[in-house]
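Here the structure comes first, spelled out in structure tokens, and everything after it is commentary.
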Amino acid sequence: MESCKPVSTPLEPGTKFSKLSNEDEKFDRQTYQQAIGCPTYLSVISRPDILAAVGALSQFMAKPSKNHWIGVKRVLRYLKGTLDYGLKYSADENPTLVGYSDSDWAGDINTRRSTSGYVFQVANSTVSWSSKRQRTVAKSSTEAGYIALSLAAQEAIWLQKLLYDVGFKIRKPITIFEDNQGTIELAKNAKYHNRTKNIDICHHFVRERVQSKEINVVYCRTDDMKADILTKGLA
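Quick note: the sequence shown uses my numbering, first residue 771, plus one each step.
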């Protein structure tokens, strides 16, 4: 891969990976696992732009196919063309904590589970990010967004306490940007009982924090959603 041709995105737009079927060509498991190890490490340490792609491909380490291997090679080609990418941090005496929450409704074609993604910035510098498959199947994009927003709210509260412990007082409420209007309504208004009674109680954490004015959920356009790369696999 040292002489490979770089590409502009970790995955091609619209790429979906399915489990190995009888018609698929199998690929060597050990080679696959070794190749995806380095991108996995980078995605956690300093490259949130590849986390969604790596997460999607890591599902198939036990039984990879040739198609999955093509996906891994594309991630490596993307890394080859972005060797100078990284995280930059700057000093700020009065930093603000801002988050972005996003979801990819029913994006997993094998289980139809959605992906939750969030990213948090302090003084405009990225400090925390996540891309995780949701544990249950969401019945709508609003529900998927609500589940993702709950995870983001939990991270926001934890980060606020961590920053306080190291000497930074973060102003409340903490702003989390969301691009789904229905999700914002669910987080701010408890009267939508019929639309939320099927959602696990634990996800209503965000509504509680909004009511206590610790979290403020603000709408942003999808084009401005910084967490989008954590659910779509496109940088």
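Positions of the beta carbon are idealized from the N, C-alpha and C atoms, including for glycine.
Reduced DSSP secondary structure (H/G/I, E/B, other) of residue i
i      : result
SER828 : helix
LEU867 : strand
ASP935 : helix
GLU913 : helix
GLN924 : helix
TYR888 : strand
LYS858 : coil
GLU948 : strand
ARG847 : helix
LYS902 : strand
VAL842 : helix
THR953 : helix
CB of residue i within 8 Å of CB of residue j, strictly
i      : j      : result
SER862 : ALA893 : For the record, residue 862 in the displayed sequence is Asp; it is not Ser. Going by C-beta atoms, ASP862 is nearer than 8 Å to ALA893.
ILE944 : GLN924 : no
PRO776 : LYS850 : yes
LEU867 : ALA918 : no
TRP899 : LEU821 : yes
ILE946 : VAL889 : no
LEU921 : SER886 : yes
THR779 : TYR848 : yes
ILE940 : PRO818 : no
LEU846 : CYS774 : yes
THR992 : GLY877 : no
When the options are compared against residue i, the one with the closest alpha-carbon
i      : options                           : result
GLU978 : SER898, ALA957 and LEU921         : ALA957
THR810 : VAL824, PHE797 and PRO818         : VAL824
ILE969 : GLU913, PHE890 and ASP878         : GLU913
GLN836 : SER791, SER900 and VAL988         : The residue asked about is misnamed: residue 836 is Lys in this sequence, not Gln. It is SER791 whose Cα lies nearest to the Cα of LYS836.
LYS902 : SER910, TRP875 and SER895         : TRP875
LYS833 : PRO783, TYR870, GLU795 and ILE815 : GLU795
TYR916 : ILE954, LYS983, LEU781 and ARG844 : ILE954
SER816 : ILE879, THR896 and ASP994         : THR896
ALA997 : ASP949, ARG844 and ASN880         : ASP949
PHE787 : LYS983, ASN880 and LYS942         : ASN880
LYS843 : HIS974, TYR855, ALA805 and TRP928 : ALA805
SER813 : GLY856, ASP994 and PRO783         : GLY856
GLY869 : ILE985, ARG991 and SER773         : ILE985
SER911 : GLN951, ARG905, PHE830 and LYS983 : GLN951
PRO865 : ALA908, GLY807 and TYR934         : TYR934
GLN981 : ASP993, LYS942 and LYS1002        : LYS942
Closer than 8 Å to chain D by CB, residue i
i      : result
TYR855 : In summary, chain D is missing from the structure at hand, where a single protein chain is found.
Closer than 7 Å: residue i CB and nearest the ligand NAD heavy atom
i      : result
ASP794 : Absence of the ligand NAD is noted for the structure shown, with no ligands found whatsoever.
Unbroken alpha helix (DSSP H) runs of length 4 or more, entirely within the region 966 to 1002: which are they? 975 to 981 and 999 to 1002
Where in the region 774 to 819 do unbroken runs of the alpha helix (DSSP H), each at least 4 residues long, occur, reported from the N-terminal end onward? 799 to 815
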